[in-house]
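Quick note: the sequence shown uses this note's numbering, first residue 4, plus one each step. For glycine and all other residues, C-beta sits at the position ideal for the given N, C-alpha and C. Just so it is clear, the structure is predicted and the values come from calculations on it, not from any experiment. For reference, the structure discussed in these notes is given below.
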Amino acid sequence: MITFMRRYRRGLQVGLLVVIAAFIASLFVFGQRGFGDGAGRDAVATVNGESIPLARYQQRYQAFMEAYARIYRDRFSPELAERLGLPQQVVNELIQEALIVQRAGAEGLLVTDEELNAQIQAVPAFQENGRFALKRYQEYVRRRGLAAAAFENEMRRELTRMKVEQAVRGGVKVTPAEVEHAFVLRREEARAAWALVEFGPLIAAASASDDELGKYLGAHQDEFRQPERRRILSVTLTPKDFLKPVADAAVEQYYREHPKEFEEPRRVHAAHVLARVPETGGSEAEDRARAKVADVIRRAKAGEDFAKLAKEASEDPGSASKGGDLGWVGAGELVPQFEQALFALKKGEMSPEPVRSPFGFHAIRVLDVRAGGKKPLKDVAGQIHGRLQTEATEKAMQARAEAIRRELLAAQDFTAEAKRLGLAAVESTVSRTDRFAGVSAPDPLEEAAFNLAQGGVSPPVKTPAGLVLLKAVATIPAGVPALAEIKDRVALAVRREKAEAQARERATQLAEAAKGGDFLAAAKRAGAVTGETSRFSRAKPAEKLPGDAMLAALRAPLDAVTEPVKAPQGYYVLRVLERVAPDPGALAGERATVTKEVLAQKQSQAWESWLNAARVNAKVEVHFNPTSRRG
Numbered sequence: 004m005i006t007f008m009r010r011y012r013r014g015l016q017v018g019l020l021v022v023i024a025a026f027i028a029s030l031f032v033f034g035q036r037g038f039g040d041g042a043g044r045d046a047v048a049t050v051n052g053e054s055i056p057l058a059r060y061q062q063r064y065q066a067f068m069e070a071y072a073r074i075y076r077d078r079f080s081p082e083l084a085e086r087l088g089l090p091q092q093v094v095n096e097l098i099q100e101a102l103i104v105q106r107a108g109a110e111g112l113l114v115t116d117e118e119l120n121a122q123i124q125a126v127p128a129f130q131e132n133g134r135f136a137l138k139r140y141q142e143y144v145r146r147r148g149l150a151a152a153a154f155e156n157e158m159r160r161e162l163t164r165m166k167v168e169q170a171v172r173g174g175v176k177v178t179p180a181e182v183e184h185a186f187v188l189r190r191e192e193a194r195a196a197w198a199l200v201e202f203g204p205l206i207a208a209a210s211a212s213d214d215e216l217g218k219y220l221g222a223h224q225d226e227f228r229q230p231e232r233r234r235i236l237s238v239t240l241t242p243k244d245f246l247k248p249v250a251d252a253a254v255e256q257y258y259r260e261h262p263k264e265f266e267e268p269r270r271v272h273a274a275h276v277l278a279r280v281p282e283t284g285g286s287e288a289e290d291r292a293r294a295k296v297a298d299v300i301r302r303a304k305a306g307e308d309f310a311k312l313a314k315e316a317s318e319d320p321g322s323a324s325k326g327g328d329l330g331w332v333g334a335g336e337l338v339p340q341f342e343q344a345l346f347a348l349k350k351g352e353m354s355p356e357p358v359r360s361p362f363g364f365h366a367i368r369v370l371d372v373r374a375g376g377k378k379p380l381k382d383v384a385g386q387i388h389g390r391l392q393t394e395a396t397e398k399a400m401q402a403r404a405e406a407i408r409r410e411l412l413a414a415q416d417f418t419a420e421a422k423r424l425g426l427a428a429v430e431s432t433v434s435r436t437d438r439f440a441g442v443s444a445p446d447p448l449e450e451a452a453f454n455l456a457q458g459g460v461s462p463p464v465k466t467p468a469g470l471v472l473l474k475a476v477a478t479i480p481a482g483v484p485a486l487a488e489i490k491d492r493v494a495l496a497v498r499r500e501k502a503e504a505q506a507r508e509r510a511t512q513l514a515e516a517a518k519g520g521d522f523l524a525a526a527k528r529a530g531a532v533t534g535e536t537s538r539f540s541r542a543k544p545a546e547k548l549p550g551d552a553m554l555a556a557l558r559a560p561l562d563a564v565t566e567p568v569k570a571p572q573g574y575y576v577l578r579v580l581e582r583v584a585p586d587p588g589a590l591a592g593e594r595a596t597v598t599k600e601v602l603a604q605k606q607s608q609a610w611e612s613w614l615n616a617a618r619v620n621a622k623v624e625v626h627f628n629p630t631s632r633r634g
């Protein structure tokens, strides 16, 4: 493998400029966060003794957030990032990167100083008059709060990763025989009858004795292990109990006394065409960009559709596909040079000449204008009413909560005192969530519960449900709870285990009986649900049939009965009713597509194999769990 990798070194240098340019952009956007040296205590993980610093995690996480924001646009939020598992994705990527760089170093494949210098010197942003300028490079890095050594270290890591991956993938070849085999495999069709022995009814009918529960819990400790917890008593004050009407006079008074809150600024519906310019400026590239935008302005004035011109010529990926449309914008939302030109235009007007900004040259068009001014009271009365009511409610609720807390602190019996005060005390447990500093916001109830001394009563804690007062009753160490606490969970696990074993046995008997007899009759005796598919293939999956069951049928010969196939809903058994070979003559028209598919698959397999070799015997320690939650 080492010899093979070295053979491809020279070829792999092609394309690194693209990588380095993208990497520089990422660093300069997020570089102010800095790079850790891995020696501090804020390490996300340790890979074979090498620490991955929190600063690197934060920079990479922010880059992920930016990438996903471009995909999801207005629908993207930190909550969606959590649901998508971005924190764990980033940790996994950084661990994998460390393994790659370490193995590359062991095999002599790290990007050398000469290679790194060559790539840095080839970046246009570091050049003057087409030649590398050391002062420009040093100043460029310094202005963004980076040390040159740290910048070069991160760049070397990224380039090494790309270099190794391209080498592994670039060495993969596809033979004509592999293409022909893949064509047959992917285009061959089948039709099948299926029977499903479902888990659901068997789980409902299963029972679990106390003896079985104890044995199962003893054998599956990790399945039920819980983190450190606090047992608490709590009372909640809800906003609806403190709502009071707001007088119209109070709404009018607020409107008079806070005029600036209701001033609506002038907003402009803008569109533009952008021709980017390298940051060096004053180059031929700048002249070309200016000329390109000037030509767009000329053509638009001559009657060509501006939106069409933007789709053809604009280099702004965020707006080009929308005809250059930037939506409605107000003062302070865009860079000053662009805004100055934009707000000088009237509805329907276009900038008479190219407008320079830090991004390049723009042709700007105003599609519509909304004049500014004070919103009338009738349009904002509801908003003011809601604000005043919320403020009054929160003030009254806070005052009441403080008074109640004094009573609860002095009481011997929290529950009885809460009842006397007209509140219901609720007992519950709160788990300690593993978090890493600066990565996720703490849960206020969790913080209050774990910061209280046993027997203490917290100040009012603001939650979506209202203000909560809680008392710490007991500390429950991390470990497996007593069976009595989790009896329902353990019972469900035992019943499911029994049901799965029973379903497997029935499906096995079904398959044996169907091999020499009537498939539907055997399915009926097993209590299975049955059905029949239309023709399907690997390229055209069967509807409502799980992937593993579909593949089992495609691998089986005509009229064969498959072994039981486990799926989330139960065990499938299938009989192949029909097999249809693909038309050999169709390969000529699909050869390029199939070759590309096979090549991509082999490249992925080769890369995964290389990564697996890097993972073998690796010692990886993750110092926090970014996806953990309060349970």
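Name the residue from F364, P320, E318 and Q401 whose alpha carbon lies nearest to the alpha carbon of V338.
Out of F364, P320, E318 and Q401, F364 has the C-alpha closest to the C-alpha of V338.
> Is it a yes or a no for the region 369-384 touching the region 287-303, going by three-plus beta-carbon pairs under 8 Å?
Replying inline: Below 8 Å, too few C-beta pairs join the region 369-384 and the region 287-303 to call them touching: fewer than three.
* Helix, strand or coil for K622 per DSSP? -> Note: K622 maps to coil in three-state DSSP.
**OP:** Rank S434, L412 and K465 by C-alpha distance to the C-alpha of Q400 and give the top, closest one.
**Re:** Here residue 400 is Met; the residue named in the question, Gln, does not match the sequence. For M400, the closest alpha carbon among the candidates S434, L412 and K465 is that of K465.
* Do T178 and E624 have their C-beta atoms closer together than 7 Å? -> No, these two residues do not count as a Cβ contact at 7 Å.
In angstroms with no decimal places, state the Cα-to-Cα distance between A584 and V601. Just so you know, the alpha carbons of A584 and V601 end up roughly 19 Å apart.
* Among all the DSSP beta bridges, which residues are the ones paired with E201? -> G573.
* By the 10 Å Cβ neighbour count, where 16 or more other Cβ atoms means buried, how is T393 classified, buried or exposed? -> Exposed, by the Cβ-count rule.
* Should the region 312-322 be regarded as contacting the region 247-257, the criterion being three or more beta carbon pairs within less than 8 Å? -> Using a C-beta cut-off of 8 Å, the region 312-322 makes no contact with the region 247-257, since fewer than three inter-stretch Cβ pairs fall below that distance.
ask   = Nearest to D328 by alpha carbon, out of A427, E397 and D371?
value = Comparing Cα positions, the closest option is D371.
Practice item. Report yes or no: do three or more beta-carbon pairs, one from the region 187-197 and one from the region 555-574, lie closer than 8 Å? Key: A contact exists between the region 187-197 and the region 555-574.
task: Measure the beta-carbon distance from T565 to L577 and round it to whole angstroms, keeping in mind my assumption that it falls under 8 Å.
output: The C-beta distance from T565 to L577 rounds to 5 Å, short enough to fall under 8 Å.
Count the other CB atoms, across all protein chains shown, that sit within 10 Å of the CB of K599; report buried if there are 16 or more and exposed otherwise. When all chains shown are included, K599 counts as exposed.
At 4 residues or longer, and completely inside the region 414-496: list those alpha helix (DSSP H) runs for me, N to C. Assignment of alpha helix (DSSP H) within the region 414-496, counting only whole runs of 4 or more residues, yields 417-423 and 447-454 in chain order.
Quiz item: For A209, which of helix, strand or coil comes out of DSSP?
Solution: Of the three classes helix, strand and coil, the one that applies to A209 here is coil, per DSSP.
Review point. Around the Cβ of P56, are there at least 16 other Cβ atoms within 10 angstroms (buried) or fewer (exposed)?
Key: By the neighbour-count rule (16 or more Cβ atoms within 10 Å), P56 is buried.
Handout entry: Beta carbon of V532 nearer than 7 Å to that of L199
Key = Judged by beta-carbon spacing, L199 lies within the 7 Å limit of V532, meaning their Cβ atoms are closer than that value.
As assigned by DSSP and simplified to three states, the class of A502:
Here A502 sits in helix by DSSP.
Under the three-state DSSP convention, the category P587 falls into: Of the three classes helix, strand and coil, the one that applies to P587 here is helix, per DSSP.
Q.
Just verifying my parser: in three-state terms, what is the DSSP assignment at R228?
A. DSSP places R228 in coil when its eight states are reduced to three.
### Query
If you draw a straight line from the C-alpha of A229 to the C-alpha of D416, how long is it?
It is Gln, not Ala, that sits at residue 229 in the sequence shown. Take the alpha-carbon of Q229 and the one of D416: they are about 29 Å apart.
Check: Measuring CA to CA, which of Y60, L87 and S607 is closest to A72?
Finding: Shortest Cα-Cα distance from A72 to any of Y60, L87 and S607 involves L87.
- Message: So, with DSSP's three-state summary, where would you put L329?
- Response: Of the three classes helix, strand and coil, the one that applies to L329 here is strand, per DSSP.
> By DSSP, does F129 sit in helix, in strand, or in coil?
Replying inline: In this structure, F129 counts as helix in the three-state DSSP scheme.
Measure the C-alpha to C-alpha separation of A570 and T241 and round it to an integer number of angstroms.
-> Here the alpha carbon of A570 sits roughly 45 Å from the alpha carbon of T241.
For V579 versus A595, is the C-beta distance shorter than 7 Å? Against a cut-off of 7 Å, the Cβ pair of A595 and V579 comes out as no contact.
Notebook entry, point to check: V597 and V182: beta carbons closer than 7 Å?
Noted result: The Cβ atoms of V597 and V182 sit closer than 7 Å to each other.
Notebook entry, point to check: If you drop the 5 nearest sequence neighbours on each side, which residues of the same chain put their C-beta closer than 6 Å to that of A609?
Noted result: Result list for A609: V171 and V175, in chain order.
* **Close Cβ partners of E352 (< 7 Å) along its chain, the five nearest in sequence each way excluded** => These residues qualify, in order along the chain: V369.
Terminal residues of the alpha helix (DSSP H) in which E85 lies: P81 to R86 is the extent of the alpha helix (DSSP H) around E85.
Going by C-alpha distance, which of V280, G321, Q386 and H272 is nearest L348? For L348, the nearest C-alpha among the options comes from H272.
Exercise. What is the DSSP secondary structure of H388, reduced to helix, strand or coil?
Worked result: If DSSP states are grouped into helix, strand and coil, H388 belongs with the helices.
Checklist entry - Between the region 160-168 and the region 103-115, do three or more beta carbon pairs fall short of 8 Å? => result At 8 Å Cβ cutoff, the stretches touch.
Rounded separation between Q606 and G173 - CA only
Our two residues, Q606 and G173, have alpha carbons roughly 8 Å apart in a direct line.
request  = Any chance you could list the alpha helix (DSSP H) runs of at least 4 consecutive residues sitting entirely within the region 221-298, in chain order?
outcome  = Runs found: 224-227 and 251-260.
Quiz item: Can you name, in chain order, every residue of its own chain whose Cβ lies under 6 Å from the Cβ of T432, other than the five neighbours on each side?
Solution: Correct list, in chain order: R232 and R234.
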